[in-house]
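If you read the sequence shown in my numbering, its first letter stands for residue 316, the second for the next number, and so on.
Virtual Cβ for every residue (Gly too), placed ideally from N, Cα, C.
The structure under discussion appears below in the form of structure tokens.
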Amino acid sequence: MINVTKSYLPPIDEYIKRLEKIWASGWLTNNGEMVLELEAKLAEYLGVPYIHYVSNGTIAIQIALRALEIQGEVITTPFSYVATTNSILWEHCQPVFVDIDAHAFCIDPKKIESAITERTQAILAVHVYGYPSDVETIEAIAKKYNLKVIYDAAHAFGCKLNGSSLLNYGDISTLSFHATKLFHTVEGGAIVTHTPQMADMINKMKSFGHLGDEYYILGVNGKNSEFHAAMGLCVLPNVTDIVKRRRSICEMYNAELSGLGIVFSNIPQNYDYNYAYYPVVFQAEAQLLAVKQALNSNQVNPRRYFYPSLNTLPFLQTRQSCPVSRILVLVYCACLFMTAWRNRMLCEFLR
Ligand SMILES: *Cc1c(COP(=O)(O)O)cnc(C)c1O
């Protein structure tokens, strides 16, 4: 079976070398050498000033909400993985869903202002599939209404807008390094900040709020281990090649599938995309299901990303309508990619 995602595994010898270092030092977790090395290398690779390696991409969002002292309403997108909404609820904030732009897939900035109330404190937007949110417009709105901005950049590893990191927008960006993501450390995530004060706060918050014998603030356990950092250090040198390979596969899809009346990726200009996903928008749900079935019966397992629309989750207290997102997930569309390590097949089925 070819699954929607195949995790990249580095040459095992390299990982074993790292394991031997762990055995030699006896240091397994708590800001060990490899965690610090990974943080330094990620900051350099991504072009960001401060990055904190944490245990997953969900705790990264939770810590971001805490560090910015967000309470009350958080404007967010219904078109994402459930972790985005769950993090807001878990921190006892209220998600206020603003519909997405049908072409960009991200939150529609034109609809944000009318959702702002006196209880609104933040915007939590997602660069879904690694496509950029409209960061300039969101920044202007946030300034006008004095709101904090968090980007869930779980899909946007290494993406650049106008030549600089997309992670440098907003107050905080969060990443996921889960095994299914473009760059992974098995489990893991990161928090990107821009000021030494915020970096210092997150550094404490992710380690129970204390450094050594000094106790500063309320914290949680968001640390990650040497074993996970070791995987990251083995995967990171290969990321450029992984992106290149995906890019050539995406280009092959674009060429083979043009003229079918199906909507594909719409990558903006001046944007360095990471080719983490290849979203395919079908004309009707029936078409989506037929293609899914055809692929399934040939041992290919694509997935509907994202489904359901998050404003319809059963445990929400209030119902908000987001017709574009609902249509994108339910009626007209959204299935996704294939991390195409095998590839001609999708093209053949769609013809
Ligand atoms: C994967 C993902 C997360 C959660 O990351 P974990 O590391 O699995 O906790 C959050 N948001 C989005 C958009 C994701 O795709």
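Anyone know if the C-beta pair for residue i and residue j falls short of 8 Å?
{"i": "T500", "j": "A469", "result": "no"}
{"i": "L483", "j": "H509", "result": "The question names Leu, yet the displayed sequence has Asn at residue 483. Yes, these two residues count as a Cβ contact at 8 Å."}
{"i": "N518", "j": "H367", "result": "yes"}
{"i": "A375", "j": "L548", "result": "no"}
{"i": "S370", "j": "E451", "result": "no"}
{"i": "A437", "j": "V397", "result": "no"}
{"i": "F412", "j": "Q635", "result": "yes"}
{"i": "V595", "j": "A417", "result": "no"}
{"i": "S448", "j": "G362", "result": "no"}
{"i": "P393", "j": "L631", "result": "no"}
{"i": "N611", "j": "V319", "result": "no"}
{"i": "V550", "j": "G473", "result": "no"}
{"i": "E541", "j": "I403", "result": "no"}
{"i": "L444", "j": "A570", "result": "One detail in the question is off: residue 444 reads as Tyr in this sequence, not Leu. No, the pair does not count as a contact, with Cβ atoms beyond the cut-off."}
{"i": "A514", "j": "Y365", "result": "yes"}
{"i": "G504", "j": "S522", "result": "no"}
{"i": "K300", "j": "T344", "result": "Outside the shown range of the chain (316 to 666) lies residue 300, about which nothing can therefore be said."}
{"i": "R381", "j": "M520", "result": "yes"}
{"i": "A440", "j": "I431", "result": "no"}
{"i": "Q386", "j": "C408", "result": "yes"}
{"i": "V400", "j": "D467", "result": "Residue identity differs from the one stated: residue 400 is Thr in this sequence, not Val. No, Cβ-Cβ distance for T400 and D467 is not below 8 Å."}
{"i": "I532", "j": "V507", "result": "no"}
For residue i, which of helix, strand or coil comes out of DSSP?
{"i": "Y622", "result": "coil"}
{"i": "S480", "result": "strand"}
{"i": "L745", "result": "The requested residue 745 does not occur in the structure, where the chain is confined to residues 316 to 666."}
{"i": "S522", "result": "strand"}
{"i": "S505", "result": "Residue identity differs from the one stated: residue 505 is Ala in this sequence, not Ser. Here A505 sits in strand by DSSP."}
{"i": "K475", "result": "strand"}
{"i": "Q635", "result": "coil"}
{"i": "S563", "result": "helix"}
{"i": "Q602", "result": "helix"}
{"i": "D414", "result": "coil"}
{"i": "C401", "result": "Reading off the sequence, residue 401 comes out as Asn, not Cys. Helix."}
{"i": "K538", "result": "coil"}
{"i": "V464", "result": "strand"}
{"i": "H543", "result": "helix"}
{"i": "A690", "result": "Nothing can be reported for residue 690: it is not among the residues displayed for the chain, which extend from 316 to 666."}
{"i": "N581", "result": "coil"}
{"i": "N611", "result": "helix"}
{"i": "L551", "result": "helix"}
Going by other Cβ atoms of all chains shown within 10 Å of its Cβ, with 16 needed for buried, is residue i buried or exposed?
{"i": "K463", "result": "buried"}
{"i": "Q377", "result": "buried"}
{"i": "K475", "result": "buried"}
{"i": "S322", "result": "exposed"}
{"i": "Y530", "result": "exposed"}
{"i": "I716", "result": "This structure leaves residue 716 out entirely; the chain is present only between 316 and 666."}
{"i": "M546", "result": "buried"}
{"i": "G485", "result": "buried"}
{"i": "N589", "result": "buried"}
{"i": "A601", "result": "exposed"}
{"i": "K425", "result": "exposed"}
{"i": "A605", "result": "exposed"}
{"i": "K458", "result": "exposed"}
{"i": "P511", "result": "exposed"}
{"i": "D414", "result": "buried"}
{"i": "G347", "result": "buried"}
{"i": "G372", "result": "buried"}
{"i": "P410", "result": "buried"}
{"i": "L603", "result": "buried"}
Threshold first: 4 residues or longer. Then list the alpha helix (DSSP H) segments lying entirely within the region 326-356, N to C. 327-340
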